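Participant:
Number of protein chains: 2
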Amino acid sequence: MSKKLICGVDLGGTKLSAGLFRQDGTLVGKETVYDHRDEQWDEILIIIADLVKRVMRSCSVEPDDILGIGVALAGHIHFKKGVIVTVSNFVHNIYDYPFVDKLSVLLPGMRIILDNDANAQAFGEFKFGAGRGYHDLVFVTVSTGIGGGIIVNDKMLRGKVGTAGEVGHTIIDIDSDVKCTCGNYGCAMALASGLFFPELYRRQLRKGLKSTIGITEASADKMDGQSIEEGMKKGDPICRVIVEDSADVVGSTLYNIYKTLDPELVILGGGLMSFGEDYMNRIQHRFLSHTYEMMAEEMEIKLAETGRDAGLIGAAALVLE
Amino acid sequence: MSKKLICGVDLGGTKLSAGLFRQDGTLVGKETVYDHRDEQWDEILIIIADLVKRVMRSCSVEPDDILGIGVALAGHIHFKKGVIVTVSNFVHNIYDYPFVDKLSVLLPGMRIILDNDANAQAFGEFKFGAGRGYHDLVFVTVSTGIGGGIIVNDKMLRGKVGTAGEVGHTIIDIDSDVKCTCGNYGCAMALASGLFFPELYRRQLRKGLKSTIGITEASADKMDGQSIEEGMKKGDPICRVIVEDSADVVGSTLYNIYKTLDPELVILGGGLMSFGEDYMNRIQHRFLSHTYEMMAEEMEIKLAETGRDAGLIGAAALVLE
Numbered sequence: 001m002s003k004k005l006i007c008g009v010d011l012g013g014t015k016l017s018a019g020l021f022r023q024d025g026t027l028v029g030k031e032t033v034y035d036h037r038d039e040q041w042d043e044i045l046i047i048i049a050d051l052v053k054r055v056m057r058s059c060s061v062e063p064d065d066i067l068g069i070g071v072a073l074a075g076h077i078h079f080k081k082g083v084i085v086t087v088s089n090f091v092h093n094i095y096d097y098p099f100v101d102k103l104s105v106l107l108p109g110m111r112i113i114l115d116n117d118a119n120a121q122a123f124g125e126f127k128f129g130a131g132r133g134y135h136d137l138v139f140v141t142v143s144t145g146i147g148g149g150i151i152v153n154d155k156m157l158r159g160k161v162g163t164a165g166e167v168g169h170t171i172i173d174i175d176s177d178v179k180c181t182c183g184n185y186g187c188a189m190a191l192a193s194g195l196f197f198p199e200l201y202r203r204q205l206r207k208g209l210k211s212t213i214g215i216t217e218a219s220a221d222k223m224d225g226q227s228i229e230e231g232m233k234k235g236d237p238i239c240r241v242i243v244e245d246s247a248d249v250v251g252s253t254l255y256n257i258y259k260t261l262d263p264e265l266v267i268l269g270g271g272l273m274s275f276g277e278d279y280m281n282r283i284q285h286r287f288l289s290h291t292y293e294m295m296a297e298e299m300e301i302k303l304a305e306t307g308r309d310a311g312l313i314g315a316a317a318l319v320l321e
Numbered sequence: 322m323s324k325k326l327i328c329g330v331d332l333g334g335t336k337l338s339a340g341l342f343r344q345d346g347t348l349v350g351k352e353t354v355y356d357h358r359d360e361q362w363d364e365i366l367i368i369i370a371d372l373v374k375r376v377m378r379s380c381s382v383e384p385d386d387i388l389g390i391g392v393a394l395a396g397h398i399h400f401k402k403g404v405i406v407t408v409s410n411f412v413h414n415i416y417d418y419p420f421v422d423k424l425s426v427l428l429p430g431m432r433i434i435l436d437n438d439a440n441a442q443a444f445g446e447f448k449f450g451a452g453r454g455y456h457d458l459v460f461v462t463v464s465t466g467i468g469g470g471i472i473v474n475d476k477m478l479r480g481k482v483g484t485a486g487e488v489g490h491t492i493i494d495i496d497s498d499v500k501c502t503c504g505n506y507g508c509a510m511a512l513a514s515g516l517f518f519p520e521l522y523r524r525q526l527r528k529g530l531k532s533t534i535g536i537t538e539a540s541a542d543k544m545d546g547q548s549i550e551e552g553m554k555k556g557d558p559i560c561r562v563i564v565e566d567s568a569d570v571v572g573s574t575l576y577n578i579y580k581t582l583d584p585e586l587v588i589l590g591g592g593l594m595s596f597g598e599d600y601m602n603r604i605q606h607r608f609l610s611h612t613y614e615m616m617a618e619e620m621e622i623k624l625a626e627t628g629r630d631a632g633l634i635g636a637a638a639l640v641l642e
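Protein sequence lines correspond, in order, to chains A and B.
Sequential numbering of the first sequence, starting at 1, is according to my numbering.
Sequential numbering of the second sequence, starting at 322, is according to my numbering.
Here it is in structure tokens:
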């Protein structure tokens with residue numbers, strides 16, 4: 001292991017961070033800005049390059065001291081080409097944007113890797129988190145949406161274009177009439193993730209379930225992971241049903257992952273895991289209820305460990321692949 | 322490539338074949354028996370060893386001329402241990418049966434590999450069939466059941482125990498009340514494969530659809546792939562619905578494979594593919610209806626090419642992995 005540092009860039013719709021890490025995952029320095037949000041993409045790249053240079057300066061580091069820069073963003077990435085096919089969480093949309101080529105002009109001589117945030121987090125967990133020491137694992141983030149990343153034989157499984165691991169968009173209820181952002185009905189994401197809590201809340205109201213926290217069809221729009229968690233703690237029956245259904249869908253999705261990939265380990269991360277132990281237990285129970293005695297050896301299920309900086313450390317980890 | 326031959330053993334519930342192939346897939350010799358069906362497993366192994374020796378004699382081949390023996394059977398295999406965890410298509414069931422160790426005693430000095438039939442067929446298609454020249458593909462067999470095998474970076478993806486690729490048992494309709502042989506409800510296999518055609522036929526009768534080929538709830542038991550195909554040709558509306566639903570479920574399952582693995586190619590094999598062009602077209606149409614414009618590069622879908630000897634040539638191919 002060389003002494004060179006690894007650089008991660010976590011490019012979110014609201015927050016943009018750049019961090020320098022040692023190759024063992026220790027944070028050396030980090031800078032965060034929020035002023036990229038309304039910018040055009042060419043401008044966002046300039047902000048990224050400036051941020052990387054700023055964190056390098058603050059750590060007194062030269063380009064030669066850095067092994068490479070990993071960039072993670074929520075979007076549809078053509079990994080091999082370093083191109084953003086499309087994004088959905090940003091003010092300005094883009095199509096087939098040659099991200100790596102353009103950023104390379106602004107940061108000459110530095111190796112740049114672009115991947116989606118779920119893949120980056122998966123690789124971060126593999127290198128520095130709950131996946132250390134494993135060779136085959138799947139990371140699933142249950143949050144506003146559901147994403148994932150797959151490690152096979154110590155390497156990211158990216159597929160032809162780089163979109164492998166999108167387990168949130170696998171269809172788990174072909175008869176469902178809940179429409180996902182992807183245009184399909186009955187994706188795991190549409191039945192279990194935060195973005196759909198308003199819709200799922202309204203559906204329970206229409207079924208006749210009573211809200212005990214004063215939520216109406218009109219006000220259900222404000223329901224997100226946090227308010228569902230609060231409502232559940234206050235004993236709201238609809239919040240409880242939504243959380244239980246979410247756990248069941250995630251548990252069944254883990255079963256589909258198991259039947260498809262038979263990994264050693266599935267790591268669960270993302271904001272909804274803060275629903276707590278009952279949520280995690282119900283996911284595991286649902287998973288095990290599908291497997292019966294069919295598992296010759298148990299697939300482990302663990303919580304993610306890289307925490308709040310998962311995207312950033314994951315992005316940096318990509319350099320070590 | 323050495324001049325050594327590769328040996329395949331296709332161990333089915335009714336038919337047992339052993340074949341010798343050149344390393345380019347050319348068949349050199351083949352023997353088939355049916356007299357293993359009622360035997361205990363220790364006896365089946367003796368029959369296998371005798372059959373392998375017989376085909377070697379008929380081709381004037383010595384153990385040194387053979388690179389190895391691949392054995393394919395429909396069952397739950399612990400690949401790394403060479404153990405049959407359990408089987409369902411044989412008269413006598415077994416649990417944790419040390420197949421490779423036991424067969425090695427009967428065929429000393431020969432390398433033996435055991436895998437399930439879908440994995441073997443997948444690898445056969447990869448080496449000698451529709452998958453030649455590809456690096457990442459998924460093979461799906463749609464037949465009495467639904468099975469699959471995954472190739473990533475030119476290697477079988479087997480997972481921790483060896484059960485990866487069982488896409489037929491992924492759940493695609495969590496609200497379904499159709500129970501699969503695995504104990505779960507709403508697996509792709511339970512909604513689309515031949516074993517469930519009697520149940521699916523009865524359900525359409527109960528829904529009020531009329532059979533125009535004289536099938537009643539009592540006689541629906543005889544419906545299999547072949548009789549459904551015949552009924553469809555005669556214009557029976559229930560056979561048509563079953564075939565259309567099957568294509569839709571397979572198409573949605575391919576979409577889940579795409580979102581999970583993003584392979585270059587999916588190869589479809591198995592008896593139900595003889596339903597013909599309309600069936601294949603409907604599968605492709607369903608798949609594409611899910612992807613919208615999300616595919617940066619198209620995932621190809623092709624028919625299997627290794628044909629009637631898919632299991633045998635696939636088993637032999639395992640030796641080349």
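Where a beta carbon is used, it is the ideal one built from N, C-alpha and C, also for glycine.
Note that this is a predicted model, so its numbers are computed, not measured.
Sorry if obvious, but does the Cβ on A218/A come closer than 8 Å to a heavy atom of the ligand SAM?
Facilitator: Questions concerning the ligand SAM fall outside what the structure shown contains, since it holds no ligand whatsoever.
Participant: Buried or exposed, going by whether 16 or more other CB atoms sit within 10 Å of the CB of T163/A?
Facilitator: Here T163/A is buried, its C-beta having at least 16 other C-beta atoms within 10 Å.
Participant: Have a look at I563/B and A513/B and give me their C-alpha separation to the nearest angstrom.
Facilitator: 8 Å
Participant: Measuring only between beta-carbons, confirm whether L261/A sits less than 9 Å from chain B.
Facilitator: yes
Participant: Measuring alpha carbon to alpha carbon, tell me which residue in G535/B, G396/B, D363/B and K325/B is nearest A439/B.
Facilitator: Looking from the CA of A439/B, the closest CA among G535/B, G396/B, D363/B and K325/B belongs to G396/B.
Participant: Report yes or no: is there a C-beta of chain A within less than 9 Å of the C-beta of D457/B?
Facilitator: yes
Participant: Starting from the Cα of K623/B, find the closest Cα among G329/B, G334/B and P584/B and give me that residue.
Facilitator: P584/B
Participant: Can you tell me which residues form a DSSP beta bridge with N437/B?
Facilitator: L394/B
Participant: Could you tell me how far apart the beta carbons of V426/B and D417/B are, in whole angstroms, since I believe they sit closer than 8 Å?
Facilitator: Taking the Cβ atoms as the reference, V426/B lies roughly 17 Å from D417/B, outside the contact range of under 8 Å.
Participant: Of all the CB atoms in chain A, is at least one closer than 9 Å to the CB of E618/B?
Facilitator: Chain A, which has a Cβ nearer than 9 Å to the Cβ of E618/B, makes this yes.
Participant: Under a three-way DSSP split, which group does L268/A fall into?
Facilitator: strand
Participant: Nearest by alpha-carbon distance to N153/A: which of Q40/A, F126/A, T14/A and I146/A is it?
Facilitator: F126/A
Participant: Spell out the partners DSSP gives T86/A in its beta bridges.
Facilitator: H76/A and Y95/A
Participant: Counting only Cβ-Cβ distances shorter than 7 Å, please list the residues of the region 590-614 of chain B near chain A, keeping chain order.
Facilitator: H611 and Y613
Participant: Select from the region 421-443 of chain B all residues with a C-beta closer than 9 Å to any C-beta belonging to chain A, and list them in chain order.
Facilitator: none
Participant: Rounded to whole angstroms, what is the Cα-Cα separation between L521/B and E642/B?
Facilitator: Rounded to whole angstroms, the separation of the alpha carbons of E642/B and L521/B is 39 Å.
Participant: Judging by CA-CA distance, which residue of L288/A, F79/A, T216/A and D38/A is the nearest neighbour of D236/A?
Facilitator: T216/A
Participant: Can you tell me whether G529/B is buried or exposed? The criterion is at least 16 other CB atoms within 10 Å of its CB, across all chains shown.
Facilitator: Under this definition G529/B is an exposed residue.
Participant: S10/A bridges to which residues according to DSSP?
Facilitator: Looking at the sequence provided, one finds Asp at residue 10/A rather than Ser. Its beta-bridge partners are S17/A and A72/A.
Participant: Which bits of chain A does G504/B rub up against, with CB to CB less than 7 Å?
Facilitator: Below the 7 Å Cβ cutoff, chain A contributes Y292 as neighbours of G504/B, in chain order.
Participant: So is V83/A buried or exposed if we call it buried at 16+ other beta carbons inside 10 Å?
Facilitator: buried
Participant: Alpha carbons only, please: which of F596/B, G507/B and T502/B is nearest the one belonging to D545/B?
Facilitator: F596/B
Participant: Counting only beta-carbon atoms, is E585/B nearer than 9 Å to chain A?
Facilitator: yes
Participant: Please list, in chain order, the chain A residues whose beta carbon lies closer than 9 Å to that of V488/B.
Facilitator: N256, K259 and T260
Participant: Who are the near neighbours of F420/B in its chain, counting only those whose CB is closer than 7 Å to its CB and skipping five residues on each side?
Facilitator: G403, V404, I405 and L435
Participant: Does the region 300-320 of chain A come into contact with the region 60-80 of chain A, if we say contact requires no fewer than three beta-carbon pairs (one atom in each stretch) closer than 8 Å?
Facilitator: yes
Participant: Using beta carbons (cut-off 9 Å, strictly below), is I42/A in contact with chain B?
Facilitator: The question names Ile, but residue 42/A in the sequence shown is Asp. Chain B contact via Cβ: absent.
Participant: If we ignore side chains and look at the alpha-carbon of each, how far apart do L348/B and F342/B end up?
Facilitator: 4 Å
Participant: Is there a Cβ of chain B sitting closer than 9 Å to that of L157/A, yes or no?
Facilitator: With 9 Å as the cut-off, L157/A counts as an interface residue toward chain B.
Participant: For K481/B, return the contacting residues in chain A, with the cut-off set at a CB-CB distance below 8 Å.
Facilitator: D136, D262, P263, E264, E297 and M299
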